[in-house]
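Novice: I am attaching a structure below and will ask some questions about it afterwards.
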Amino acid sequence: MMLLATAMLWIAPFIRAQQKLSASFIDEQIQRAVIQYKLLQQQVSPGFFPRSYDPITAKLVTSNSGWWCSGFYPGTLLYLYEYTGDTSLKQEAIRSMDPLEKEQYNKGTHDLGFMMYCSFGNAWRLWGDTKYKTILLNSARSLATRFNRTAGVIRSWNFGDWQYPVIIDNMMNLELLTRAAAWSGDTTLLHIASTHANNTITNHFREIYSSYHLVDYDTLTGKPLKRQTVQGATDSSTWARGQAWALYGYTVMYRETGKADYLEVARHIARFILQHPNLPADKIPYWDFDAPGIPNSFRDASATAVMASAFIELSKYVSKKEQKKYHAVAASILRSLSSPVYSCKEGENGGFILKHSVGNLPARSEIDVSLSYADYYYIEALLRYKKEFLRSNHN
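Each residue of the sequence shown is one higher than the last, beginning at 405 in my numbering.
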């Protein structure tokens, strides 16, 4: 952590020197990512998905298709293929989605949005194959079975002592429902997504728009039994990636529904993040905004990659003044993530793109490592920035 702090002193002037990113800068980062993912693909056994990289054992950590991160590897490959046209990336993405396909019928997880929309959703967007559309519709209907009408929310975990636990991460799975509703005309799916989002506004946020990680609901009354954290520092703290999930999720819900309340919540969440006194100058947050030991605590590249992508989309729905602010923040984040401080060197970390992410620190799991979802949202943010950069310059 001391080395990271020292590196921040080196990179801070570089970050401040230029707010906008150039197209050539983005091209360079994408090409580096392609090199890394071609290395990564050489190490992935059939039926398994890259999850992380253990720097102690110098070994790739993988999962089966049922793990919540399984969709990020094919999704990242598809983004890289979309940008480069490299058919080997497309072939590897399709190969990796084959064992994932069966998860469309998995009713035991709330993470089907991550698993299926980041993978098959991108494939459907790129090629319009009705096979992918059918998989997504089945996935959405599987996810919908976890909705409790009394509480008005989608259940998260199936373990623990909670009666009906719901984590803020669930906001990221609603896009699967809204898209499936649009394709199929099944308004029940849209109702479930909207009801979950509405009740999350009511029960998951403090007055300052920081989010609790988990709310446990009483299924008889529909009221919250308790609010707490599992992956954050304390029940009263703000877990950084949870705040990122919320920012991204409500931005998406505004896009999908046009409901002004969702946009306002997203703007409030953004304000909380950007005005927080513990947000470092390079905009890479500590794993928890209230983490003990700041500034000698772990940063979370995964949280800020999600934030960067969300800020770029959110900028499309706000005033010119806010738009410039969000663009500048996204550029600052992407420049930081692309620096030697957070970017893996060629051939490093098994082929992952980013380092210095935190999975679940209280459980002592995936601390200060590369993570598949950090890579996914980093590449998504670069592509979104490039699209907005070209559009704004054209106009």
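The beta carbon of each residue, even a glycine, is placed where N, CA and C say it ideally should be. In this text the structure is predicted, and so the values were computed from the model without any measurement.
(1) Less than 8 Å separating the beta-carbons of GLN567 and TYR616?
(2) Indicate whether GLU486 and LEU530 have their beta-carbon atoms separated by less than 8 Å.
(3) Please report the Cβ distance between VAL438 and THR488, rounded to the nearest whole angstrom; I am assuming they are in contact, meaning their Cβ atoms lie under 8 Å.
(4) Tell me which same chain residues have a C-beta within less than 6 Å of the C-beta of LEU443, skipping the five on either side of it?
(5) In the DSSP assignment, what residue or residues form a beta bridge with VAL557?
(6) To test your reading of the DSSP string, which unbroken beta strand (DSSP E) runs of 3 or more residues are found completely within the segment 705 to 764?
(7) For the candidate residues VAL733, SER469 and ILE698, whose alpha-carbon lies nearest to that of THR391?
(8) Nearest by alpha-carbon distance to ILE572: which of LEU581, TRP561 and ASN526 is it?
(9) So, at 8 Å on beta carbons, what are the nonlocal neighbours of GLU792 in its own chain, with the 5 sequence-adjacent residues on each side left out?
(10) Cutting at 6 Å between CB atoms, please list the residues of its own chain near TYR652, excluding the five before and the five after it.
(11) The alpha helix (DSSP H) with THR466 in it runs from where to where?
(12) Between the beta-carbon of TYR477 and the beta-carbon of ASN526, is there less than 8 Å?
(13) Go ahead and pull the three-state DSSP assignment for LEU683.
(14) Evaluate contact between the segment 631 to 641 and the segment 584 to 598, counting only Cβ atoms and requiring at least three cross-stretch pairs below 8 Å.
(15) If you draw a straight line from the C-alpha of ALA644 to the C-alpha of ALA586, how long is it?
(16) Tell me, which residues are paired with TRP643 by DSSP?
(17) Select from ALA664, ILE539 and ASP515 the residue whose C-alpha is nearest the C-alpha of GLU505.
(18) Near ARG788, which residues of its chain fall below 7 Å by C-beta distance, leaving aside the five closest residues on each side in sequence?
Specialist: Quick look at the numbers:
(1) no
(2) yes
(3) 6 Å
(4) GLY755
(5) ASN552
(6) 761 to 764
(7) What the structure shows of the chain is the stretch from 405 to 799, and residue 391 is not part of that stretch, so it cannot be assessed.
(8) TRP561
(9) ILE716, SER719, LYS720 and HIS731
(10) VAL710 and ALA714
(11) No alpha helix (DSSP H) contains THR466, which is instead part of the beta strand (DSSP E) from 463 to 467.
(12) no
(13) coil
(14) no
(15) 31 Å
(16) ASP692
(17) ILE539
(18) SER713, ILE716 and GLU717
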